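The opening residue of the sequence shown carries number 238 in the numbering used here; numbering runs sequentially from there. Beta carbons are placed, not taken as given, at the ideal position from N, Cα and C, and that holds for glycine. A quick note: this is a predicted structure, and the numbers were derived from the prediction, not measured. Quick notes on the structure that follows.
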Amino acid sequence: MTILAELHQDHVNLNKLLVILRQKVNQLKAGQQPNFSLIADLIDYISNYADGHHHPREDKMYKCLADRNPELDKHLFNCAKDHEALKSSSLQLKEAVDGILHDSVMPMDEFAGLLDDFVSLQMAHLNFEEGQLFPMIQESVSEKELEMIEKQLPKQEDPLFGEVQAREYTALYKELMLEMNEAC
């Protein structure tokens with residue numbers, strides 16, 4: 238599997254989680270109480286895996302691809318800025334949901350807004366990479382170059398969607414399967 242295919246699969250997996258988080262936003266807006274522990278686990282995974290591994294891996298790849306053409310460089314720069322904003326958004330949301338779980342008072346419409354903004358920011362970023370950046374990379378870079386770049390990048394098994402779930406995500410995986418089956 239090429240590096241772009243691996244990153245694409247991460248995006249597919251993240252999108253599944255974002256769909257569930259969007260459902261939680263809708264529940265909040267309808268005045269319902271969603272499963273805040275599940276939200277916390279989803280945000281924890283996104284913070285740990287996406288912000289801690291996936292985006293740094295992309296950033297390293299993007300540095301290797303820099304200075305090929307001005308249009309690609311512009312997209313790479315914007316993507317790096319997005320990664321910083323996504324990490325900040327993850328941390329802000331993680332703090333908010335942790336506060337709710339520890340009985341801090343936060344208006345639910347304020348939390349729904351934070352969660353909605355988070356999901357929208359994440360989805361916009363995924364759409365940008367999938368719709369604009371990755372196709373531009375495929376046009377600009379040979380498979381052989383991508384293979385050479387991939388060898389320089391850190392590799393980590395996805396702790397939720399990988400062949401073996403990390404212990405801390407086993408319960409989340411089971412809960413996600415239930416959520417996805419109920420949504421169908």
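- Message: Whether or not the region 286–306 and the region 374–391 are in contact is what I'm after, with contact meaning three or more pairs of Cβ atoms, one per stretch, closer than 8 Å; do they touch?
- Response: Put simply, the region 374–391 touches the region 286–306. At least three CB pairs are less than 8 Å apart.
- Query: Quick one: what does DSSP say Pro271 is sitting in, helix, strand or coil?
  - Reply: coil
- Task: Could you check which residue in His291, Lys261, Asn418 has the C-alpha nearest to that of Met345?
- Result: Lys261
- Query: Do Leu302 and Ile283 have their C-beta atoms within less than 8 Å of each other?
  - Reply: no
- Task: Go through its chain and collect everything with a Cβ distance to Phe398's Cβ below 6 Å, but skip five positions before and after it.
- Result: Asn250
- Query: What distance in whole Å lies between the Cβ atoms of Gln389 and Pro396, which are believed to be in contact at a cut-off of 8 Å?
  - Reply: Incorrect: roughly 22 Å between the Cβ atoms, too far for contact.
- How about Arg334 and Ile280: are their beta carbons less than 8 Å apart? The sequence as given places Val at residue 334; Arg does not occur at that position. Cβ atoms of Val334 and Ile280: closer than 8 Å.
- Would you mind stating whether His290 and Asp319 have Cβ atoms separated by less than 8 Å? no
- Message: Looking only at its chain, what residues have a beta carbon closer than 8 Å to the beta carbon of Pro391, apart from the 5 residues adjacent to it on each side?
- Response: His290, Pro293, Arg294, Lys297
- Message: Quick check on Gln393: buried or exposed, where buried means 16 or more other Cβ atoms within 10 Å of its Cβ?
- Response: exposed
- Task: Sort Asn272, His312, Ala349, Ala322 by Cα distance to Lys266 and report the nearest one.
- Result: Nearest C-alpha to Lys266 among Asn272, His312, Ala349, Ala322: Ala349.
- Query: Just curious, the alpha helix (DSSP H) that Ala361 is in, first and last residue?
  - Reply: 345–365
- Item | First through last residue of the alpha helix (DSSP H) which encompasses Tyr299 | 292–302
- Query: Smallest Cα separation from Asp340: which of Ser274, Ile257, Glu308?
  - Reply: Ser274
- CB of Leu330 within 8 Å of CB of Leu313, strictly: no
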